[in-house]
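**Student:** Sharing a structure, written as structure tokens. Questions coming.
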Amino acid sequence: MSVQINSFNSYDIDKTKNKSAGIALLKQREDATALLYADPHNPMRHLQRGTVHFELGYPDLAAADAYRALTLFEAVIDPDSSEYKAHKRVGLDSVDSIGSLGFVDGVASRHIRDAEKSSGNDHGNSEDGDEEDEEEVCFEPVSQDEYTEHIWQVYILLVKSLVQCGCMRDAYHFCIQAMNLSGVDFKCSFDELEEQLNTIKRSCVASLRSRKRRERRVLSSAIEDQEQETDDELLAEFEPAHLDGQGFARRVLYPWNTHEPDRHAPETLQLLNERLKKVAPKCEVRSIALPALYDSTTDSTAAGKGGEGEKTSVQLGLVATQNIAPGETFLHESSFLTATNRLHDDLCDACNGPIPDLSAADPSVACENCQDTVFCSQECHDLAQSIYHPAECGKEGLEAIGKDIQDPKDKADYLYLLLLRRAIAMVATQRIHPLDLQEVKYIWGDFYPLDDGLLPPPPPPPPPLLPPSSPSPLQSSQPPSATLPFSFHLTILQPTRLLEEMGLDPFTTLPLYDTWILNTLYAKFRGTASGRLSTWDGGPEVCAVHPLWCLANHSCDPNVRWEWGGKITFTARGEEERVRWGGRGGEVEVGSGRGRGIRKGEEILNYYCDVGLGVRERREWARGALGGTCLCERCMWEERDERGEGVLKN
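So that you can map any letter, position 188 of the sequence shown is 188 in the UniProt record's numbering, and since no number is skipped, the others follow by simple counting.
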């Protein structure tokens, strides 16, 4: 017993130390962010905050900071080919000096105005020449010596962060780029890059070995028993193009996020129900206790056993306030937070509904200032002007970003990027913070809870060689919350392009479009966006976020079906449309109400996957949207049935 007590005390002390370190780092991040927002074209500020982000356990945010620092440092050595000037603000020595320089909340008022502009011209240009001259007096250029002093640190932080996220392809690219730098010679830094390069190659070896093992298993069990390739043999097959481009980031509610509302507060529920009355008068929003999914895994044997200690998560849901007949359509909701990946389509630019024929009584309406932007109605045209379109109007370069993606497995990810584009346009037009947009403010991003210490456990050092049965070097280094798909291109590079094409400076507008904000939006999109499949190749081609529709919780035995064509709808399923399965409720009993649509007081149950699939396939498909393994009644019963454990009768 004494050993257990000592062990507990040691753990408790370590946890307390970890929490104290986390709080100290959060304070460092707060100060570094204030200085960065006040001095956004200073690459050293980005490097400083990136280092803190890495220590806090956010390598994705560190990678974004490092890349911005790299972009500005490249402007030092090649100013003619850069759109930006790398300069530092004079007299900004500490957070205390921010107020004396005329800043508001750590951000220059001029930068706030830049962030709110819905359009602009060349980056850094000002309509007021006197104001620009005054700004120039406050800055001095970043020197070549400062470039030489810091460039290795930037590359090492960028490569380490991308490796930690699992974005090996881009990590390899920047690692080789750094090793080929001319005019800079730091032996210790080069050794550190060599170490990262070895980690990248080890991950490639592990991936190749795993793939070959699967191939042997498919071909023949006899082949599987053959002697496996050595590391050297697998390294001979190394191709940078075969490295993983997508990794993962922590899917958490950031400690510094002050925009997330109390979704269960009475005033919040009242606001949502007032909105819901307009689109679904027979329903109301309520707080509902659901099984917590963030601890579940793809093989949910442990989660499937349930028990009194089962964790719950209180979420919002929709409940019928009146009886809803089978076949009755009881929700109609429109949204302008939409996206399509078809470069030239016949859909409304605003709601993604079909464009009416030219002979229709209410014909389509084109934007006067855009050649190819067409709306399905005058109403959509007028609403678009106040909601998002001015930020996109006439920006021809936007249209090519994320459209006509050929690889089917990439289409869904690029649709989320296009949703991000629409959100940015909404923010720039409405002059509001992205997380305060009514389309996203009250939806949940399937966030994992932060651990008590605020910091993830440190990753173990990778082994020098990988034995045949070893997992990837990163599998054990990622915290459990690292479930948000993350890539250099879709989270860092392409959002920067979107801002540039809208005439927005990605450095001065950082208070609105910082990477943690984009990650939060991505988490919310992935958990709530509806999609429509292409009739050509079966891949996703259109998606949207409907903030009230998505409040309905998922079940693999849904009591509604939904359709989307400009507006999204819920229709109550009749008994003949309900899923047939062998668990409790699988058979219709007299007086059960199963054939009578949805009864007053019953929860509206939506679905985020093909409910005709088996339990394993359903869970795999829904995992990204749900943030974990589905634990609905049907999935739990079918999992127990697969394991031969019988059925729980209530």
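Think of the CB as a built atom: it goes at the ideal place given N, C-alpha and C, for glycine as much as any other residue.
Note that the structure is a prediction, hence the values are computed from the model and not measured.
One question on the structure: do GLU328 and THR571 come within less than 8 Å of each other, judged by their Cβ atoms?
**Tutor:** Yes, these two residues count as a Cβ contact at 8 Å.
**Student:** For the beta strand (DSSP E) containing GLN144, name the first residue and the last one.
**Tutor:** Run containing GLN144: none in the beta strand (DSSP E); it sits in the alpha helix (DSSP H), 144 to 165.
**Student:** Candidates CYS550, GLN246, GLU638: which alpha carbon is nearest LEU276's?
**Tutor:** Answer by Cα proximity: CYS550.
**Student:** Provide the residue span of the beta strand (DSSP E) that contains HIS87, from first to last.
**Tutor:** It spans 87 to 89 - the beta strand (DSSP E) in which HIS87 sits, taken as one unbroken run.
**Student:** Please classify TRP564 as buried or exposed, where buried requires at least 16 other C-beta atoms within 10 Å of its C-beta.
**Tutor:** With 16 or more other Cβ atoms within 10 Å, it is buried.
**Student:** Output the boundary residues of the alpha helix (DSSP H) element that contains residue 685.
**Tutor:** Residue numbering for the chain in the displayed model covers 1 to 650; residue 685 lies beyond these limits and cannot be assessed.
**Student:** Measuring straight from C-alpha to C-alpha, what distance separates LYS85 and HIS41?
**Tutor:** If I take the Cα positions, the gap works out to 7 Å.
**Student:** Specify whether the region 189 to 201 and the region 518 to 533 touch according to this definition: at least 3 beta carbon pairs, one from each stretch, less than 8 Å apart.
**Tutor:** Judged by Cβ distances under 8 Å, the region 189 to 201 makes no contact with the region 518 to 533, as fewer than three pairs qualify.
**Student:** With distance defined between alpha-carbon atoms, name the residue in CYS543, ARG599, GLY166 nearest to ALA412.
**Tutor:** Measuring from the Cα of ALA412, the nearest candidate turns out to be CYS543.
**Student:** Residues in its own chain within less than 8 Å of ILE492 by CB, not counting five upstream and five downstream?
**Tutor:** Closer than 8 Å at Cβ, skipping near neighbours: ALA63, ALA64, TYR67, THR515.
**Student:** Can you tell me which of TRP152, THR496, LYS282 puts its alpha carbon nearest to the alpha carbon of residue 658?
**Tutor:** In the structure as shown, the chain begins at 1 and stops at 650. Residue 658 is therefore absent and cannot be evaluated.
**Student:** GLN270: buried (16+ other C-beta within 10 angstroms of its C-beta) or exposed?
**Tutor:** Under this definition GLN270 is an exposed residue.
**Student:** Under 8 Å between the Cβ atoms of GLY527 and GLY627?
**Tutor:** Cβ distance < 8 Å, so GLY527 and GLY627 count as in contact.
**Student:** Which residue marks the beginning of the alpha helix (DSSP H) containing ASN521, and which one marks its end?
**Tutor:** In the sequence as displayed, the identity of residue 521 is Leu instead of Asn. Start and end: 515 to 528.
**Student:** Tell me which same chain residues have a C-beta within less than 8 Å of the C-beta of SER555, skipping the five on either side of it?
**Tutor:** Hits under 8 Å: LEU605, ASN606, TYR607, CYS632, GLU633, ARG634.
**Student:** Three-state secondary structure (DSSP) at CYS370?
**Tutor:** Coil at CYS370, not helix or strand.
**Student:** Would GLY582 be called buried (16 or more neighbouring beta carbons within 10 Å of its own) or exposed?
**Tutor:** That one is exposed.
**Student:** Helix, strand or coil, according to DSSP, for VAL615 in the structure here?
**Tutor:** In the structure shown, VAL615 sits in a helix (DSSP, three-state: H, G or I).
**Student:** Is the region 423 to 433 in contact with the region 379 to 396, if contact means three or more CB pairs nearer than 8 Å?
**Tutor:** Cβ pair count under 8 Å is three or more, so yes.
**Student:** Just to check my reading of the structure: ARG599 and ALA280 have Cβ atoms closer than 8 Å, yes? What is that Cβ distance to the nearest angstrom?
**Tutor:** Going by Cβ atoms, the distance from ARG599 to ALA280 rounds to 16 Å, so no, they are not a contact pair.
**Student:** Taking 8 Å as the limit between beta carbons, can you name the residues of its chain near GLY566, skipping five residues before and five after?
**Tutor:** Cβ neighbours of GLY566 beyond the five flanking positions: SER334, CYS348, CYS351, ASN352, GLY353, PRO354, CYS376.
**Student:** What are the start and end residues of the alpha helix (DSSP H) that includes GLN438?
**Tutor:** GLN438 -> no alpha helix (DSSP H), and no H or E assigned at all.
**Student:** Quick one: using the 10 Å Cβ neighbour count with 16 as the cut-off for buried, is LYS311 buried or exposed?
**Tutor:** LYS311 comes out exposed.
**Student:** Grouping DSSP H, G and I as helix and E and B as strand, with all else coil, what is TRP564?
**Tutor:** Residue state, collapsed to three classes: strand.
**Student:** Are ARG573 and VAL560 closer than 8 Å when you measure CB to CB?
**Tutor:** It is a contact, given that the beta carbons lie within the stated cut-off.
**Student:** Compare the beta carbon distance of GLU603 and ILE324 with 8 Å and say whether it is the shorter of the two.
**Tutor:** Not in contact: GLU603 and ILE324 (Cβ atoms no closer than 8 Å).
**Student:** Where does ILE23 sit, in a helix, a strand or coil, going by DSSP?
**Tutor:** Helix, per DSSP.
**Student:** By alpha-carbon positions, which one of PRO479, ARG49, GLU194, PRO511 ends up nearest to ALA249?
**Tutor:** Here the closest residue by C-alpha is PRO479.
**Student:** Tell me which residue opens and which closes the beta strand (DSSP E) that SER386 is part of.
**Tutor:** No beta strand (DSSP E) holds SER386; the alpha helix (DSSP H) holding it covers 378 to 387.
**Student:** Please report the residue range of the beta strand (DSSP E) in which GLN246 lies.
**Tutor:** Element bounds for GLN246: 246 to 250.
**Student:** Roughly how many angstroms lie between the CA atoms of LEU316 and VAL90, to the nearest whole one?
**Tutor:** When rounded, the distance between both Cα atoms is 49 Å.
**Student:** When we look at the beta-carbon of residue 715 and count the other beta-carbons within 10 Å, is it buried (16 or more) or exposed?
**Tutor:** The structure shown does not extend to residue 715, since the chain is modelled only from 1 to 650, so the question has no answer here.
**Student:** Among the residues of its own chain, which have a CB less than 8 Å from the CB of VAL159, if the five just before and after it don't count?
**Tutor:** Same-chain partners within the cutoff: ALA171, PHE174, CYS175, ALA178, LEU193, GLN196.
**Student:** Tell me the DSSP secondary structure of ILE76 in three-state form.
**Tutor:** Here residue 76 is Val; the residue named in the question, Ile, does not match the sequence. Reduced to three states, the DSSP call for VAL76 is helix.
**Student:** For a quick check, are the C-beta atoms of ASP39 and VAL95 less than 8 Å apart?
**Tutor:** Going by C-beta atoms, ASP39 is not nearer than 8 Å to VAL95.
**Student:** Assuming LEU272 contacts TYR442 under a Cβ cut-off of 8 Å, what Cβ separation, rounded to an integer in Å, is found between them?
**Tutor:** Indeed they touch by this definition, with Cβ atoms about 6 Å apart.
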